[in-house]
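One structure is given below, encoded as structure tokens.
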Amino acid sequence: MPLFMTDQKTFVNDESRRRFLKFLGRGVAVVSAFPLVNTIAGCDQQVDQSGSADQQVPIQGMEPSLADDFLLAEGFAYSLLLKWGDPINEKDTFGFNNDYIAFLPDDKNGDSGLLWVNHEYIDPKFVSGVLSNKEKTKKHVEQEQYEVGGTILKVKRNPSSGHYEVVQNDQHNRRLTAKTEIPIISDRPIRGQTKAIGTLANCAGGVTPRGHILTCEENYQHYYGETDYTATDHDARILSDYDYGWHQHFNYPPEHYGWVVEVNPETGDARKLTALGRFAHESATVRQAKDGRCVVYSGDDANDECLYKFIADEKDSLDKGQLYVAQMEKGKWIALDYNQQPKLQEHFTDQTEVMIRCREAAHLLGATPLARPEDIAIDPENGSVVVALTNNKPKNNYHGELLKIEEQGGDPLALRFQSSTLLAGGAETGFSCPDNLTFDPKGNLWFTTDISGSSIGEEPYEPFKNNGLFLIPTKGPQAGLPVQVVQPRWP
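Heads up, the sequence shown stops at 491 in my numbering, and the numbers go up one at a time, no gaps.
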């Protein structure tokens, strides 16, 4: 029996639904109608003359499939904005392998605005055409370096079709790549430098209140390796199993990568923010405190790594502040502060080294290892923090969960919190390995799944088939039920 039937009956039981809605703070009553956001993914929604949604019609979700095709649930539509290699100005082209996107509308209508797109990693087969690192020339590596980073675009809605289109050769259209020189905001030079060459491994991200993009460098170790801090040779490196071989032609320090990068989309100016720590940043989700300061939540996407929170010292600046790491059992945020923590003083030379070797510092202070914390979203109705824990296969956690964090008093500046499982992945809920998250303006939760390409169609993932985009309505007859609405091409 498929996990998702055509009438959208799932194995999620009533108790699971009630628990999910209760945890979200929506109550347990199920109402008879719910207006979904009208513009997401081209979802059709009929509205009567009063502006309210028609009497509810259940969303017809999708059955799991291994079809090598881009599939949509009934009522959804899509249009192609642009693809890899398309020109965006006279000299630049759109990058490879998109991840996080952010749209910054010019006005409330959202008919035009700036679009940021992350380009996370390359596939050498398509980009340079060279599969063996030993055969890569400097030119091959430069081809690959150009395809990661990010793209800024001016987009505008076509009044005839209703679809967004790229405004060709707009002054805002530009690329940031692994060759872009970017200042490092730090108390001291890092490996003797105050600037890094490039941004790469750009995974998820966030947007600040003043409209700056935060793009996150995740699996940086695949590009120039990671420094071996146990070796006497300070230049010794540990290469990953997925190494691209860039270090053979460009000897850039690994410590220049793994940061959150702040980008002004109006100018393209970028800065690497060391105060937010260095690790496999999956996200940089921003919430503004009542005093105007920004709080940034970020997950370290690796097995048994941690969840972090950064509290800025000043309004409109992320240059300085305090980074904390979560201790789940005690429900507290631990300060990664060299001056406050004797254990850190025993192992590191200063605060900058603590930030560079953030993972080690977090574990020294007793932070809780988690199942690959990835994207993070803030519930617009109650301010709770939802974290995607993708999986932890070595510990037999194959399907992951959605974790909920409730800050004490609902205050993002609080140093105490409560945590609970919002929804667990698995056969009962019909999804596995949650990844990217967002709430829409109506409070519905959307998320993608990220089953590894090598595991799709294999046990224990066979029932879920391909990855997908899921919607969990928080009102209506399907409230609390994960409904798959999009399937990408395999894998």
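Here a beta-carbon is modelled for each residue, glycine too, at the ideal position from N, C-alpha and C.
### Task
Say whether the region 192-202 touches the region 71-86, bearing in mind that this needs 3 or more beta-carbon pairs closer than 8 Å, one atom from each stretch.
no
### Query
Where does residue 464 sit, in a helix, a strand or coil, going by DSSP?
Residue 464 sits at position 464 when you count from the first residue of the sequence shown. Helix at residue 464.
### Message
For residue 444 and residue 421, which I take to be in contact (beta-carbon distance under 8 Å), what is that distance rounded to the nearest angstrom?
### Response
The count along the sequence shown starts at 1 and reaches residue 444 at position 444. The count along the sequence shown starts at 1 and reaches residue 421 at position 421. No, residue 444 and residue 421 are not in contact; Cβ-Cβ is about 19 Å, not under 8 Å.
### Query
Roughly how many angstroms separate the alpha carbons of residue 244 and residue 96, rounded to a whole number?
Against the sequence shown, residue 244 aligns to sequence position 244. Against the sequence shown, residue 96 aligns to sequence position 96. It is roughly 15 Å from the alpha-carbon of residue 244 to the alpha-carbon of residue 96.
### Query
Hey, which unbroken runs of the beta strand (DSSP E) at 3 residues or more fall wholly within the region 314-379?
321-327, 332-335 and 373-378
### Separation of residue 222 from residue 209, as counted between CA atoms
Numbered from its first residue, the sequence shown carries residue 209 at position 209. Numbered from its first residue, the sequence shown carries residue 222 at position 222. It is roughly 32 Å from the alpha-carbon of residue 209 to the alpha-carbon of residue 222.
### Task
Give me whichever residues DSSP pairs with residue 73 in a beta bridge.
Translated into positions along the sequence shown, residue 73 becomes position 73. The partner list for residue 73 (beta bridge, DSSP) is empty, contrary to what the question assumes.
### Query
Taking just the CA atoms, how far does residue 386 sit from residue 494?
Residue 494 lies beyond the residue range present for the chain, which begins at 1 and ends at 491; the question has no answer from this structure.
### Query
Is the region 65-77 close to the region 116-132, with three or more CB pairs under 8 Å?
no
### Unbroken stretches of the alpha helix (DSSP H), 4 residues or longer, contained in the region 124-172
124-127 and 138-146
### Message
Helix, strand or coil for residue 189? Go by DSSP, reduced to three states.
### Response
Here the question's residue 189 lines up with position 189 in the sequence shown. For residue 189, the secondary structure class from DSSP, reduced to helix, strand or coil, is coil.
### Query
When DSSP builds the beta bridges, which residues end up paired with residue 107?
For the purposes of this step, residue 107 is taken as residue 107 along the sequence shown, with counting starting at 1. Paired residue(s): none; residue 107 is not in a bridge.
### Message
Just to check my reading of the structure: residue 176 and residue 88 have Cβ atoms closer than 8 Å, yes? What is that Cβ distance to the nearest angstrom?
### Response
Residue numbering aside, residue 176 sits at position 176 when the sequence shown is read from its first letter. Residue numbering aside, residue 88 sits at position 88 when the sequence shown is read from its first letter. No, residue 176 and residue 88 are not in contact; Cβ-Cβ is about 12 Å, not under 8 Å.
### Task
Would you kindly work out how many angstroms separate the C-alpha atoms of residue 304 and residue 477, rounded to a whole number?
On the sequence shown, residue 304 is found 304 positions in, with the first residue counted as 1. On the sequence shown, residue 477 is found 477 positions in, with the first residue counted as 1. When rounded, the distance between both Cα atoms is 37 Å.
### Message
Please identify the residue among 442, 399 and 429 whose C-alpha is closest to the C-alpha of residue 451.
### Response
Position 451 of the sequence shown holds residue 451. Here the closest residue by C-alpha is 399.
#### Entry: Rounded straight-line distance, which links the Cα of residue 352 to that of residue 187
Stepping through the sequence shown from its first residue, residue 187 is reached at position 187. Stepping through the sequence shown from its first residue, residue 352 is reached at position 352. If I take the Cα positions, the gap works out to 7 Å.
#### Entry: Coarse secondary structure for residue 288, derived from DSSP in three states
Numbered from its first residue, the sequence shown carries residue 288 at position 288. Residue 288 falls in the strand class under three-state DSSP.
### Own chain partners of residue 489 with C-beta closer than 8 Å, once the 5 adjacent residues on each side are dropped
The residue you call residue 489 lines up with position 489 of the sequence shown. Contacts found: 68, 69 and 70.
### Query
According to the neighbour-count rule (16 or more other Cβ atoms, all chains shown, within 10 Å of its Cβ), is residue 61 buried or exposed?
Walking along the sequence shown from the start, residue 61 turns up at place 61. Buried, since its Cβ has 16 or more Cβ neighbours within 10 Å.
### Task
Kindly identify the DSSP beta-bridge partner or partners of residue 184.
Sequence index remark: in the sequence shown, residue 184 carries index 184 (1-based). Residue 184 pairs with 272.
### Task
Could you work out which residue in 359, 114 and 360 is closest to residue 106 when comparing CA atoms only?
By 1-based counting over the sequence shown, the position of residue 106 is 106. Measuring from the Cα of residue 106, the nearest candidate turns out to be 114.
### Query
Could you give the distance in angstroms between the alpha-carbon of residue 101 and the alpha-carbon of residue 204?
Residue mapping note: residue 101 aligns to position 101 of the sequence shown, counting from 1. Residue mapping note: residue 204 aligns to position 204 of the sequence shown, counting from 1. Distance between the alpha carbons of residue 101 and residue 204: 8 Å.
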